[in-house]
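Undergrad: Can you read through this structure? Questions will come right after.
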Amino acid sequence: MVRLVEVYKAYRIGRRNLLVLRRVNLEVERGESVAILGKSGSGKSTLLNLIAGLDRPSYGHVYVDGVDLVYLSEDELAKFRRSKISFIFQNYNLISGLTAVENVMLAQKVRFGRTDRRKAMEILEQVGLRKYANHRPYELSGGQQQRVAIAMALAKSPKLILADEPTGSLDSRTRERVLDLLLRAKEQLGTTLIVVTHDQDVASKMDRVIRIEDGRLREEERASVLELMNLSSPRE
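Residue numbers (our numbering): 3 to 238.
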């Protein structure tokens, strides 16, 4: 579903180039879930942006569902994202003038060209927000806004979900519910899920864990992540 081949990404800072990603090679199968771990500034979000076609590599190729994004125009990229990808951003990206249910219906409109209020309400109920359906973003907490963003992602029935810290602002109970929804989409719809996270517990629920350090990828077994969690837990 996703394949990166010899990818480099650099940004021009004044007179010098800042190399963020170095010789990245990655393959994610259809229906697979992958966690990407790393410190702030390690290149995690840059990697997601490249996979989403929101940014372009300085060198190398990015394939999504068999299509090399490098060769698509901006209009073609936008159309491709609408039909294949849902992106869950850290800053929610909700339309402030629309209610929660209207934001979800907008996601339906973008993907399918039509809306289904009943289905939108069902999705809001799944994320525990049915009673907030008619609230606008400024009337919702950060965690509630994040759940609306996740509902919007699910409303598109995407082939690929890219999530940038999707549980960062959620309490433990809501985090478990949201993870269950994302993993259910993976199982029932065959959706591929790539999650950037600092949360070791979230990472442990994915099929694979990849750590990014100094712009390079290093794959870890889930067992090593669980071991890391146990070591960091207070002993009784």
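We put the CB at the ideal spot given by N, CA and C, even for glycine.
Cutting at 7 Å between CB atoms, please list the residues of its own chain near D67, excluding the five before and the five after it.
TA: The residues are M3, K86, K161.
Undergrad: Taking C-alpha atoms, which residue in L28, E8, R58, V112 lies nearest to R213?
TA: When each option's Cα is compared against that of R213, the closest is L28.
Undergrad: Name the residue from I152, A12, R175 whose alpha carbon lies nearest to the alpha carbon of L164.
TA: Taking only the C-alpha atoms, the option nearest L164 is I152.
Undergrad: Around the C-beta of N19, are 16 or more other C-beta atoms found within 10 angstroms, so that it is buried, or is it exposed?
TA: Per the 10 Å Cβ criterion, exposed.
Undergrad: Spatial neighbours of A225 within its chain, please: C-beta separation below 6 Å, excluding the five flanking residues on both sides.
TA: Note on A225: pLDDT 44, under 50, position unreliable in the model; the coordinate value appears next. None.
Undergrad: By DSSP, does A225 sit in helix, in strand, or in coil?
TA: At A225, the pLDDT of 44 sits below 50, so the modelled position is not reliable; the number obtained from the coordinates is stated separately. In this structure, A225 counts as helix in the three-state DSSP scheme.
Undergrad: Given a cut-off of 9 Å on the beta-carbon distance, is the pair R84 and V72 in contact?
TA: For R84 and V72, no; Cβs fall outside 9 Å.
Undergrad: Can you tell me where the alpha helix (DSSP H) holding F82 begins and where it ends?
TA: Segment 76 to 86, the alpha helix (DSSP H) holding F82.
Undergrad: So L142 and V150 are in contact, right, with Cβ under 8 Å, and what is the actual spacing, rounded?
TA: That pair is a contact at about 7 Å.
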